[in-house]
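Read left to right, the sequence shown gives residues -18 to -1, 1 to 321 (mature numbering (1 follows the signal peptide of the UniProt record, and there is no 0)).
Cβ coordinates follow ideal geometry from the N, Cα and C atoms, glycine included.
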Amino acid sequence: MFALAVFLLLWQNGILSCARPTITSPRQVAGVPQYVLDYAPLVYMDTQEEYFPSDMYAQITNTHPEINLTSIDNPPEPLTLENLDSLNKYGNGGMNVYLTSNMPVTSSPEWLIGIVPDSNGETKNIKSAAIIVNDHGSGLVDVFYMYFYAYNQGNTVLFQELGDHIGDWEHNMIRFEDGEPQAMWFSQHGNGQAFTYNAVQKIGARPVSYSARGSHANYAIAGTHDHTIPDLNLPAGLIQDYTSKGMLWDPTLSTYFYNYNGNSSSFESINGSPVGAMAFKGKWGDQQYPNSDPKQSPPFFGFVKYVSGPTGPWNKQLNRTKICPENGILCIIRDQLGP
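Right, here's the structure in full:
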């Protein structure tokens, strides 16, 4: 009875609430340098996560393209990940196009939940990631590990949930020199953080990233992260993310692979991965609902619950010079974990 009581207590507190995958040797993929996989990040989901890595194709089958909250007349049919960039001929080169949910977000469509990683860390039968290789030459290679989620649950500030949106692209980037990892970028709200490879936590040789509950921002350590100030994560504050060692996801098991040409800003498919999904210039979710929409919450100091969906991988500065995006914020490469 005592053993049963201890088990139930651990389960209730989330300690035994997740499967721990057995990490096997990295896979091999034709056309992909082996170091890209040998050092690919492993991602811990939060123990209380409700929105998991999602199927890119399901995002298309459960949405329709709109511009200015109005459906596009006679869009290409059927839309697929291969021809998604055909929407770029509409609305300012595609940038005004929104993949808008066929069902109201307030009805909590099941497809927004995503797929829980199995005991091997795989999101079975779906593609929930994209690995993009940018070879700069002279041995310098940036590899972007892009993670897709159907839904982003915003932060709660003063009891108000703000910044939810359909569609969510987050990423890690690892910079390699002659096949050796040098530094790693963790995407977060509006910016992120960079650490040397030696500094980050690892399972074997593979670095660990912690996905924040709901928002899926990536952090190098578990715990509470206040992100009020860009590039600085304090243990408490007004706008907080939460990370912990929940289910472990191995994105390499459910991913598409691409090469990226920085000179032409173009993608090259590896092993038949659909290029249209990467080249699509529109948003992967609904446009922000107006204040008059019953789905929208009343503004809270100018902020609302539902905001517009995000752009895709093409807009994540895939040809950056530094490990950090070039956005005017100081690029700090930390050699030890911390804020």
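Reference residue i, options the options, closest by Cα
i: G291; options: Q10, E48, A165 and D100; result: E48
i: F168; options: C306, N56 and L235; result: C306
i: S248; options: W296, Y224, P272 and A176; result: W296
i: T210; options: G172, R195 and A194; result: G172
i: Q183; options: A165, K277, G174 and G267; result: A165
i: N200; options: Y192, M38 and Y271; result: Y192
i: N119; options: V289, N301 and E308; result: Before going on, a small fix: residue 119 reads as Gly here, not Asn. Of the listed residues, the one whose Cα sits closest to G119 is N301.
i: P35; options: G103, D20, V289 and T88; result: G103
i: M77; options: Q269, D275, T303 and D317; result: Q269
i: T88; options: I42, H147 and S101; result: H147
i: D37; options: P86, M155, E31 and K106; result: K106
Beta-carbon separation (whole angstroms), residue i vs residue j, contact threshold 8 Å
i: Y127; j: Y33; result: Between Y33 and Y127 the Cβ distance is about 19 Å, and since that is not below 8 Å, they are no contact.
i: A22; j: R157; result: In fact, because the Cβ distance is near 14 Å, the residues do not count as touching under 8 Å.
i: residue 369; j: F282; result: A query on residue 369 cannot be resolved here, the shown segment of the chain reaching from -18 to 321 and no further.
i: P256; j: L63; result: 4 Å
i: G294; j: N116; result: About 16 Å; that fails the 8 Å criterion.
i: E159; j: H198; result: Their Cβ separation, rounded to whole angstroms, is 29 Å, which puts E159 and H198 out of contact at 8 Å.
i: A204; j: K227; result: 6 Å
Per DSSP, the bridge partner or partners of residue i
i: residue 373; result: Given a span of -18 to 321 for the chain in the structure shown, any question on residue 373 remains unanswerable.
i: M229; result: M229 pairs with nothing; no bridge assigned.
i: H207; result: D223
i: S248; result: N243
i: P295; result: DSSP lists no partner for P295.
i: E159; result: L122 and E162
i: N200; result: S193
i: E152; result: Y129
i: F282; result: F285
i: I185; result: R188
Residue-chain proximity (residue i, chain C), Cβ-Cβ < 8 Å
i: F285; result: Here there is only one protein chain, and chain C is not present.
Pick out the complete alpha helix (DSSP H) segments inside the region 108 to 146, 4 residues or longer, and give them in chain order.
none
Could you say if the region 89 to 96 and the region 228 to 235 meet the contact criterion of at least three C-beta pairs nearer than 8 Å?
no
Meets three-Cβ-pair contact criterion under 8 Å: the region 18 to 32 and the region 247 to 266
no
Three Cβ pairs or more, each shorter than 8 Å: is that satisfied between the region 67 to 82 and the region 49 to 59?
yes
Inter-stretch contact at 8 Å, needing at least 3 Cβ pairs: the region 106 to 117 / the region 233 to 247
yes
Counting Cβ pairs, one atom from each stretch, are 3 or more of them under 8 Å apart for the region 176 to 192 and the region 130 to 144?
The region 176 to 192 is not in contact with the region 130 to 144.
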